[in-house]
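Visitor: Protein sequence lines correspond, in order, to chains A and B. Going by the working numbering, the first residue of the first sequence is number 1, and it counts up by one from there. Going by the working numbering, the first residue of the second sequence is number 1001, and it counts up by one from there.
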Amino acid sequence: GNSVTQMEGPVTLSEEAFLTINCTYTATGYPSLFWYVQYPGEGLQLLLKATKADDKGSNKGFEATYRKETTSFHLEKGSVQVSDSAVYFCALSQGGSEKLVFGKGMKLTVNP
Amino acid sequence: EADIYQTPRYLVIGTGKKITLECSQTMGHDKMYWYQQDPGMELHLIHYSYGVNSTEKGDLSSESTVSRIRTEHFPLTLESARPSHTSQYLCASSDAGANVLTFGAGSRLTVL
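Take a look at the structure:
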């Protein structure tokens, strides 16, 4: 079946540090890939997505590239801010289905 | 602004009580979902609906039940709550073919 494996935390960084959160997936065919973010006390919200190989999703300074050859969708940001403190989830959906399969989430804390 | 609303946000109840978690969305989305989020943050799909009078069980077995009598409303009910039901419950919705979920803020349930 489909699955998502992502880097587990928690991770603590200083402001302006570089961030990478690894995410790899197992799926047949060509899934759509997503990063969702959950800020403290809130529900999840879509951060970025990519629907085909070599697509790059970007939003709020975050980027992730759909790499089919390595079945990966790593999230990066060049300079994190305190406001980026949250839990980050990698997810996939397949065949036009909105039934998402989520990774286990990674909690990021950014200190000033 | 269209949104998805969950009530109550926090609930503490005793064992054996019946509870209903409410979820409403104003976006006219056909598809709605309930996810259970455990303390380790992992998300599990427990129920989903593709439209009025349509409900399906998700990937994680749950003793809760759902109903979909109106497009905008997707309540979740526990007939007899137990401490093992203590969790955060997240409701989400999506437009047909949109491939992106919009989440509510969640209902955090504690059963004593």
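Cβ coordinates follow ideal geometry from the N, Cα and C atoms, glycine included.
Can you list, in chain order, the residues of its chain with a C-beta nearer than 8 Å to that of Pro40 of chain A? Leave out the 5 residues immediately preceding and following it.
Guide: Here residue 40 of chain A corresponds to residue number 40 of the first sequence, with the count starting at 1. If we look at Pro40 of chain A and ignore the five residues flanking it on each side, its Cβ neighbours are Ser85 and Ala86.
Visitor: Find the residues of chain B that neighbour Lys104 of chain A, judging by a C-beta separation of less than 8 Å, and give them in chain order.
Guide: On the first sequence, residue 104 of chain A is found 104 positions in, with the first residue counted as 1. Within 8 Å Cβ-Cβ: Gly1040, Met1041 and Glu1042.
Visitor: Drop a sphere of 10 angstroms on the beta-carbon of Thr1102 of chain B, count the other beta-carbons inside from all chains shown, and report buried for 16 or more, exposed for fewer.
Guide: On the second sequence, position 102 is the one that residue 1102 of chain B refers to. Classification of Thr1102 of chain B: buried, given that the 10 Å Cβ count is 16 or more.
Visitor: By the three-class DSSP mapping on this structure, what secondary structure does Tyr82 of chain A have?
Guide: Residue numbering aside, residue 82 of chain A sits at position 82 when the first sequence is read from its first letter. Rather than Tyr, the amino acid found at residue 82 of chain A in this sequence is Val. Val82 of chain A: helix per DSSP, three-state reduction.
Visitor: Using Cβ-Cβ distances below 9 Å, what residues of the segment 1054-1085 of chain B are close to chain D?
Guide: Annotation note: the requested chain D is absent from the structure, which comprises protein chains A and B.
Visitor: Would you mind stating whether Leu1045 of chain B and Ser1107 of chain B have Cβ atoms separated by less than 8 Å?
Guide: Residue numbering aside, residue 1045 of chain B sits at position 45 when the second sequence is read from its first letter. Residue numbering aside, residue 1107 of chain B sits at position 107 when the second sequence is read from its first letter. Taking 8 Å as the Cβ cut-off, Leu1045 of chain B and Ser1107 of chain B do not qualify as a contacting pair.
Visitor: What beta strand (DSSP E) runs, 3 residues minimum, are completely inside the segment 18-57 of chain A?
Guide: For the segment 18-57 of chain A, whole beta strand (DSSP E) runs of length 3 or above, ordered along the chain, are 19-21, 23-26, 32-38 and 44-50.
Visitor: For a contact defined as C-beta to C-beta under 8 Å, what are the partners of Ser85 of chain A on chain B?
Guide: Numbered from 1 along the first sequence, position 85 holds the residue referred to as residue 85 of chain A. Going along chain B, no residue has its Cβ under 8 Å from Ser85 of chain A, so there is no contact; the nearest lies around 14 Å.
Visitor: With which residues is Tyr1050 of chain B paired in a DSSP beta bridge?
Guide: Taking the second sequence and counting its residues from 1, one reaches residue 1050 of chain B at position 50. According to DSSP, which records beta bridges pairwise, Tyr1050 of chain B is partnered with nothing at all.
Visitor: Between the C-alpha atoms of Thr1065 of chain B and Lys104 of chain A, what's the straight-line distance to the nearest angstrom?
Guide: The count along the second sequence starts at 1 and reaches residue 1065 of chain B at position 65. The count along the first sequence starts at 1 and reaches residue 104 of chain A at position 104. Whole-angstrom Cα-Cα distance: 25 Å.
Visitor: Confirm, please, whether the CB-CB distance from Met1032 of chain B to Ser1114 of chain B is below 8 Å.
Guide: Look at the range of chain B in this structure, 1001 to 1112, and you will see that residue 1114 of chain B is not part of it.
Visitor: Residues of chain A with CB under 9 Å from Leu1112 of chain B, in chain order?
Guide: As a working mapping, residue 1112 of chain B is identified with position 112 in the second sequence. Chain A residues near Leu1112 of chain B: none, gap ~22 Å exceeds 9 Å.
Visitor: Can you check whether the C-beta of Leu100 of chain A is within less than 8 Å of a C-beta belonging to chain B?
Guide: For the purposes of this step, residue 100 of chain A is taken as the residue at position 100 of the first sequence. At least one chain B Cβ lies under 8 Å of Leu100 of chain A.
Visitor: Find the nearest neighbour of Cys1023 of chain B within the set B:Leu1060, B:Leu1043 and B:Ser1067, judged by alpha-carbon distance.
Guide: Position 23 of the second sequence, counting from 1, holds the residue named residue 1023 of chain B. With distances taken between Cα atoms, Cys1023 of chain B lies closest to B:Ser1067.
Visitor: Among all the DSSP beta bridges, which residues are the ones paired with Ala91 of chain A?
Guide: If you number the first sequence from 1, residue 91 of chain A lands on position 91. Bridge partners of Ala91 of chain A: A:Phe34 and A:Phe102.
Visitor: Does the distance from the C-beta atom of Ala91 of chain A to that of Val4 of chain A stay below 8 Å?
Guide: Counting from one through the first sequence, the residue named residue 91 of chain A turns up at place 91. Counting from one through the first sequence, the residue named residue 4 of chain A turns up at place 4. Yes.
Visitor: Does the contact criterion of 3 or more C-beta pairs under 8 Å hold for the segment 1005-1021 of chain B versus the segment 20-27 of chain A?
Guide: These segments do not touch.
Visitor: Determine the contact status of Leu48 of chain A and Gly61 of chain A, defining contact as a CB-CB distance below 8 Å.
Guide: As a first step, residue 48 of chain A must be located in the first sequence, where it is residue number 48. As a first step, residue 61 of chain A must be located in the first sequence, where it is residue number 61. Not a contact, by the Cβ cut-off of 8 Å.
Visitor: Could you spell out where the beta strand (DSSP E) holding Glu1022 of chain B opens and where it closes?
Guide: The residue labelled residue 1022 of chain B in the question sits at position 22 within the second sequence. Its beta strand (DSSP E) spans residues Ile1019 to Gln1025.
Visitor: Report all residues from its chain with a CB closer than 7 Å to the CB of Val1100 of chain B; omit the five preceding and five following residues, and keep chain order.
Guide: Indexing the second sequence from 1 puts residue 1100 of chain B at position 100. Correct list, in chain order: Ser1094.
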